Structures are given as structure tokens and as C-alpha cells.
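Numbering (our numbering), first residue to last: 84 to 400.
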């Protein structure tokens, strides 16, 4: 296992331990980094410094696992840094204004001016943020309109789940009995939601109702602000498809390689016929240290069937 860390461009060639939590629904990635004794002093670090952490194996090289800012510095050795991604900066900014008749992308470009933005097509909305932090406002937009927001390589991404704007390359493969070391997975059949209803108030106070599905025996209802009927109907269809899917749910533990990040996809190769598939990744917990280099991967929606066509060699530390 190999590692390095850069703080404001200054390289520290090795760390002792790290834990990174990256979640597409939390809107803030966090990292706890511990340095070897006698390799760093508390005076070397302070809150707000930019930091980037690289982890890997000698065989595969280093990959950037986390970038953000230092939030806290422990006062004594061994030095431990608690770090946050760039959403930490957005949680320190407060907005007091309304937005009427603008796309979410237009709103984002007014609210977040210091980072490049990568955005899927967004609806026209009317919304406000009376005293909300910018981070909370973006999180509220994600929940209401079905987007994920996260930072990666210095850019703010505001994407639909499964967006094609993320260039992920070939999805990694995880197989029972090979590179899945432990698992908390269970296979579920589709839920029986028969209809999804989206209710939305326009900027003039009129109530719009859009529904997707037929029988009203098991109805799921959600409220969104400022959507036109077409956008409300699209949101109802998205939710219907999100709720009615079969596949594995839960998490599994694997090695640090292959490299995985939330919002990308992976292939699960199951020994049980019909259970293999391609899944979105919702969350990744990465641990690096005396216990090795391990990840816990939390699966999201199954996006399609998949079947292995090659034999793979098992990967060891």
C-alpha cells in the first residue's frame, strides 16, 4: 500500500491512517487523516488549508481519493486532521433571495460562482432561500427535483442519477467469493407502488397535480415547488421507476482496488442465476491503515442485467 498527501501544494510522502466517507445523498465528503509520529507537527496545519489525499497500491499507482479543506487539527501527536470537501465552503455562505422562472442551472451559476459547474438539463422552477446556507439550499433542490450534487476534481456536479455526463470508463466487477470479502446484501423483488403523484404550486399559487401509474391502490405522493406540469410528470415517472426495481440492496466490503466512487456504476457477478447486474454506487467508505486498504460499497438502484464473459484472477493486498 502506498499513500501521499498534499497541503497547499506541499507534499507529505506518507500517512498512517485514513477514513473517507463519500455519499451521493449527503452533499459533503469527509476524511479523517492521521500522520505517523514525528512526521508532522500541529503547527504545520491550520483550518481552511486546501488538502488532497492519494491512496493506492504499488502495482496500480496512486489515485486521488479526497480533496477539500482542513476543518480541525488535533492538538497533540499523532496528528489527526478532520477534513471536508468544498461543500464546507458553501455551508458558510447564506442566501436571502427568491428565484422565479429560472432553470436550476441558471440559479446554480448565480449562487456558486467560484467553481465550474457540470449540470444535466434542469427544469424551470420558482424557489427561495430565506436565510438558508448555500449547501442546504442545493441539498433541498436535490431532494425536491431528483438530482445529486457533489464535488469532484474541483468541479460542482449537479446530475440526475445515472447521468451520462460522468465519464467512468469500464465499470469495475465485484464477485462473490473473489473480491467481495464480506457482504450485507439481500436480493429484493420490485416494490408494489402502483402510482406516483407529484403536487406542485406554481409561482402564482395554482396547484398542479401530475401522476404516473395506473391503479391507485398503493400511491406515493411528493410535493415539489414551482414545477410546470411537464416537469412534474417527468419527476413522477422517475420516482415510479426508482421505487419499482428488483435487485441487491445493502453493502459489501472489498479491497482498495478496483477504484470506485459514488454516482458511478459497478457490475455484481452473482453465483445465483438471474441476480447478476449493473448497479449505481450510492456511498463508499474507505479505510486505509494497519488493517489494510478496504472499502465498504453501498449499492443503489440496479440499472441493468450483466453477465461475466471473462475469468478474473483474485486480487490480494
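For every residue, glycine included, the Cβ atom is placed at its ideal position computed from N, Cα and C.
Just so you know, these numbers come straight off a predicted model, no measurement behind them.
- Every alpha helix (DSSP H) stretch that sits fully inside the region 204 to 267 and reaches 4 residues is listed by chain position as 217 to 228.
- DSSP lists 256, 361 as the bridge partner or partners of residue 350.
- A Cβ-Cβ distance of about 18 Å is found for the pair residue 169 and residue 137, leaving them out of contact under the 8 Å criterion.
- The DSSP-derived three-state label of residue 149 is strand.
- Per DSSP, reduced to three states, the secondary structure at residue 314 is helical.
- Contact annotation: the region 304 to 319 touches the region 204 to 213, with at least three C-beta pairs closer than 8 Å.
- Fewer than three Cβ pairs drawn from the region 327 to 334 and the region 240 to 255 lie within less than 8 Å of each other, which leaves the two stretches out of contact.
- Apart from sequence neighbours up to five positions away, the residues of its chain that approach residue 353 with a beta-carbon distance below 7 Å are 259, 359, ordered along the chain.
- Judged by their CB atoms, residue 202 and residue 193 are not nearer to each other than the 8 Å cut-off.
- Per DSSP, the unbroken alpha helix (DSSP H) holding residue 188 starts and ends at 187 to 194.
- For residue 149, same chain residues with a beta-carbon under 6 Å away, outside a window of 5 residues either side, are 103, 114, 136 in chain order.
- Residues of the same chain with a CB within less than 6 Å of the CB of residue 105, apart from the 5 flanking positions on each side, are 112, 345, 367 in chain order.
- Linking residue 143 to residue 339 through their CA atoms gives a straight-line distance of about 10 Å.
- Note that the region 223 to 234 does not touch the region 284 to 300; fewer than 3 beta-carbon pairs, one per stretch, sit closer than 8 Å.
- Bridge partners of residue 333 according to DSSP: 268.
- One Cα belongs to residue 220, the other to residue 238, and the distance between them is close to 18 Å.
- Approximately 42 Å separates the beta-carbon atoms of residue 196 and residue 262; this is outside 8 Å, ruling out the contact.
- Taking the CA atoms as reference points, residue 223 sits about 27 Å from residue 130.
- Within the region 100 to 177, the complete alpha helix (DSSP H) segments of 4 residues or longer fall at 170 to 173, listed in chain order.
- A residue is called buried once 16 or more other Cβ atoms fall within 10 Å of its Cβ, and residue 283 is buried on that count.
- Taking the Cα positions, residue 182 is about 14 Å away from residue 215.
- Beyond the five residues adjoining it in sequence on each side, residue 341 comes within less than 6 Å, by CB distance, of 255 in the same chain, given in chain order.
- Residues 216, 218 of the same chain have their beta carbon placed closer than 6 Å to that of residue 174, with the five preceding and five following residues left out of the count.
- Cβ atoms of residue 132 and residue 153 come within 8 Å of each other, at about 5 Å.
- Annotation for residue 100: 117, 372 place their beta carbon closer than 6 Å to its own, counting only its chain and skipping 5 residues before and after.
- Residue pairing by DSSP puts residue 95 in a beta bridge opposite 88.
- With contacts defined as CB atoms closer than 8 Å, residue 87 and residue 164 fail to qualify as a contacting pair.
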